[in-house]
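First to last, the protein sequences are chains A and B.
All residue numbers for the first sequence refer to the numbering used here, where the first residue is 23 and numbers rise by one.
All residue numbers for the second sequence refer to the numbering used here, where the first residue is 2 and numbers rise by one.
Positions of the beta carbon are idealized from the N, C-alpha and C atoms, including for glycine.
Please read all numbers here as calculations on a predicted model, not as lab measurements.
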Amino acid sequence: MNKTRTAALAALALALPAGLAACGGDDDGPVTLRYAFWDDNQRPAIEAMIEAFNEDHPDIEVELEQNPWEDYWAGLDSRFAAEEAPDVFWNHVSRFPTYASNGVLLPITDDIEADGVDPSIYPENLYDSWQYEDEQYGLPKDWDSIALVYRLDALEAAGIDPATVNDLEWNPVDGGTYVEFLRKLTVDADGDNALSPDFDPENVVQYGTAMSSNTGQTDWWNYAVQNGCSLQTEPWGDYAIDAPECVEAIQFTADLYNKWHVAVPAESTNQPNGGVPGDYVVPGQAATTLDGSWMLSFYRDGLEPGSWAVADNPSGPVGSGTVINGLSNAIYAGTEHPDEAWELVKFLGSEEAQSIATGMGSVWPGVASLNQGFADYWAGEGIDVTGFQTAAEGTTIGYPMSMNDAAFGTAAMDEFNQVWLGQKDAQEAAEAVVALANAE
Amino acid sequence: MPNLLETAPRPRSRQRPRPRAILEAYAMLAPSLLGFAVFLIAPIVIVVLLSFYDWNLLSDPEFIGLENYRELAGDERALKSIGNTFYYVLLNIPAQTVLALLLALALNAKIKARNAFRVLYVLPWMAMPVALGVIWRWVFDPQYGALNRFLDLFGIDGAAWLTDSTWAMPVIASVNVWQYTGYTMLFFLAGLQAIPAQLYEAADVDGASPLHRFFAITLPLLRPAMLFVLITSVIGSFQVFDTIHVMTAGGPAGSTATLNYQIYLESFTQRNAGYAAMLAVVLFAIIALITIAQAAFFRKRTTYDFS
């Protein structure tokens, strides 16, 4: 078997020029660690944390390898195959099951014990989500949730009191106050909003909302959870998005596009060509969106202070929940520098490092005691971010965990893009996704 | 004109070459033979082997015999991607070849700034396909794209080019036609210049019309160039990848997923490297069959001797 692996690896090494590049590793000199991540928004915080790391570890140089989400996983997988993967990398719960069970992650259980790292500084479920068969494979880097981000100027122009935004409700029948709110915020070129009989849906200058997502996390998953859909039968179980409460929420999402005309059209927002939700809110094409906490700095950098705010998610028939998620820093099992890599991971998981990130307003921290620091940073910017904390409670569910995440992701994007365009029935699409994702 | 595909006849020497000469010849050939073996033969052999395995890139491959090949029969996406590939080639090759030929005829005539035009048409081929793909994606953006803005001026409501499964493939094909026409033109231009002028003079004497001269002299004598152009561009268009990856990533609804793109999706997003290797073998077989058919078709009809 080993022979075939060598042959297969040779094939990949030949196919990928990157595989040919030698990786220089000197045992007796300064060590260079490669650290891979995807989010451009978080780069300043990462650089600041590495700078702090180097004060105590001047001999460990950290080389950043940044790839956008769309290319990140394919690049990582091929470098696992070529045994040339970065020493330390951002891990995502959706990929964690496959990686842990295939042995590409270095267990750090013993290091945690030997160095006396205290797991109780992290929320228990966040820490435990990086466990597989009694081994720990990462320290929590952050957590994230989804909340409603909106432009104050758009609300003012529509005569909506911002105090009412926290209490919006939707239902799949008549849309509820949430859809009414979005219709008020959807304005055509003549200044008529979507509630007006003169409204022209072909000529809209501002939409009520923008929905776009590579995964579902910032579009239909929110409505799904709010309608009682839990995406899977159980964590690690089959995908179950063909359940009636899921299909109803998918249909509601499609209605926001095609029935109520309150969402930036799917022709623009469908992935992979569409932007992130903020790309539509910042230039004023959309008045609100349901977006992730990791995007806060995107709005800060794109909009005037005081012109935007964060509110609670709308409530659906079941509640106002969403999907929460967290990332960890993981170590590649084949690293030549496991000790140095652990030093880096330990530091990035520490209160010291994460307080740098929260102090810059980058992401909600893995270290629970720093949550207030993050909220304080944003309060200083005039933004009340408690909407994200509220969103993490109640009916909210964890990110779906499955060995078939890749198949699910590809099938879901393919099928639901057609539903958003109004070209496919929600039920039919959901069944197709489930069939493909659970077949593996 | 040099013979493009067939090797020259063997010298019929009765003398056996000296061993030393053989050794020298192989020594000279060694560097390129080594490159050929390492970068071409070895990967092909490995991909064929890999097609009999199940491999998720992360752990050891598992031998499964012909299972990948059997699975293909029921794999709608893969079969659809084969159809998409032929659709793309049919959109791409005739348009590109005819345009290139017309351009070559125009730029073979004595017109002003001829060289400037020749350079201009080859420029897209010299640029990076990924960078071009990104720019064309902007041009075809349904709301902010230059194309729909332009159509707006005439009151035409442009389509959502790249998110519409009817339009996406023709759009991709047109971008590639635009990119490779100039390059293809170069071969026709070289072919045109190799046609002896006295043939046209003789035709003039016989009073042949320009159209008649084109079909009786130009086109038949361009066959060597045509053979080369068709074989290389058909192979190239069966292997299209970068434009698709940048502009549509195979979507919408799989409408631009060609077989080559499906190989990428299976291998790098679905982690089915063995299955992807099987698809690569299928693509190889399709291209080989078509190339052999093209060569056979032209061999009977091609003249290399213009004297």
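- For the region 32–63 of chain B, the residues whose beta carbon sits under 9 Å from a beta carbon of chain A are, in order, V39, F40, A43, P44, V46, I47, V48, L50, L51, Y54, W56, N57, L58, L59, S60, D61, P62, E63.
- Residues of the same chain with a CB within less than 7 Å of the CB of D175/A, apart from the 5 flanking positions on each side, are S329 in chain order.
- Residue state for H213/B is assigned as helix, using DSSP reduced to three classes.
- Inter-residue distance for P129/A and I82/A is about 21 Å (C-alpha atoms, whole angstroms).
- For the pair P130/B and V247/B, the CB atoms are nearer than the 9 Å cut-off.
- As summarised for the region 48–91 of chain A, the continuous beta strand (DSSP E) elements at least 3 residues long and confined to that stretch are 53–59, 82–88, given in chain order.
- At the C-beta level, H283/A and P339/A stay beyond 9 Å of one another.
- Here R173/A is near V303/A, since their CB atoms are less than 9 Å apart.
- Put simply, the region 434–450 of chain A does not touch the region 357–376 of chain A. Fewer than three CB pairs are less than 8 Å apart.
- Counted as a single uninterrupted DSSP element, the alpha helix (DSSP H) harbouring A413/A occupies residues 408–413.
- Counting only the Cα atoms, P294/A lies some 24 Å from V385/A.
- Annotation: I42/B is outside any alpha helix (DSSP H) and is labelled neither H nor E by DSSP.
- Only those residues of the region 231–248 of chain B whose C-beta falls short of 9 Å from the nearest C-beta of chain A are listed: M248.
- The alpha carbon of S350/A has as its nearest neighbour, out of D140/A, E77/A, S151/A, L55/A, the alpha carbon of S151/A.
- Looking only at D214/A, T275/A, V227/A, D220/A, the smallest Cα-Cα distance to N244/A is reached by T275/A.
- Secondary structure at D132/A: helix, using DSSP grouped into helix, strand and coil.
- Cβ proximity to chain A below 7 Å picks out P62 from the region 62–87 of chain B.
- Taking C-alpha positions only, Q199/B is separated from V235/B by approximately 33 Å.
- Against G125/A, the close residues of chain B are L59, S60, in the order they occur along the chain (beta-carbon pairs closer than 9 Å).
- Between the beta-carbon of G348/A and that of P162/A there is about 6 Å, and that keeps the pair under the 8 Å contact cut.
- When secondary structure is reduced to three states using DSSP, I168/A falls in the strand class.
- Beyond the five residues adjoining it in sequence on each side, N109/B comes within less than 8 Å, by CB distance, of L190, L193, Q194 in the same chain, given in chain order.
- L163/B is the residue among G156/B, A147/B, V172/B, L163/B whose C-alpha sits nearest the C-alpha of Q440/A.
- Of all C-beta pairs linking the region 392–402 of chain A to the region 72–82 of chain A, fewer than three are shorter than 8 Å, placing the two stretches out of contact.
- With respect to the 9 Å criterion, L312/A and T344/A are classified as neighbours on the basis of their beta carbons.
- For R173/A, the three-state secondary structure derived from DSSP is strand.
- Contact between I68/A and L86/A holds, with the beta-carbon distance rounding to 7 Å and staying under 8 Å.
- Residue state for T199/A is assigned as helix, using DSSP reduced to three classes.
- The beta carbon of Q263/B sits no closer than 9 Å to any beta carbon of chain A.
- Take the alpha-carbon of A281/B and the one of I264/B: they are about 7 Å apart.
- According to the DSSP assignment, W330/A belongs to the beta strand (DSSP E) that extends over 330–333.
- L325/A sits in coil when the DSSP states are folded into three classes, being neither helix nor strand.
- In the displayed model, W258/A falls within coil according to three-state DSSP, outside both helix and strand.
- Using beta-carbon distances, Q449/A does not count as an interface residue toward chain B, since no partner is under 9 Å.
- By the C-beta criterion, the region 61–74 of chain B is judged to be in contact with the region 270–289 of chain B, since at least 3 inter-stretch pairs fall below 8 Å.
- If you compare the alpha carbons of D153/B, L187/B, G134/B with that of F118/B, the shortest gap goes to L187/B.
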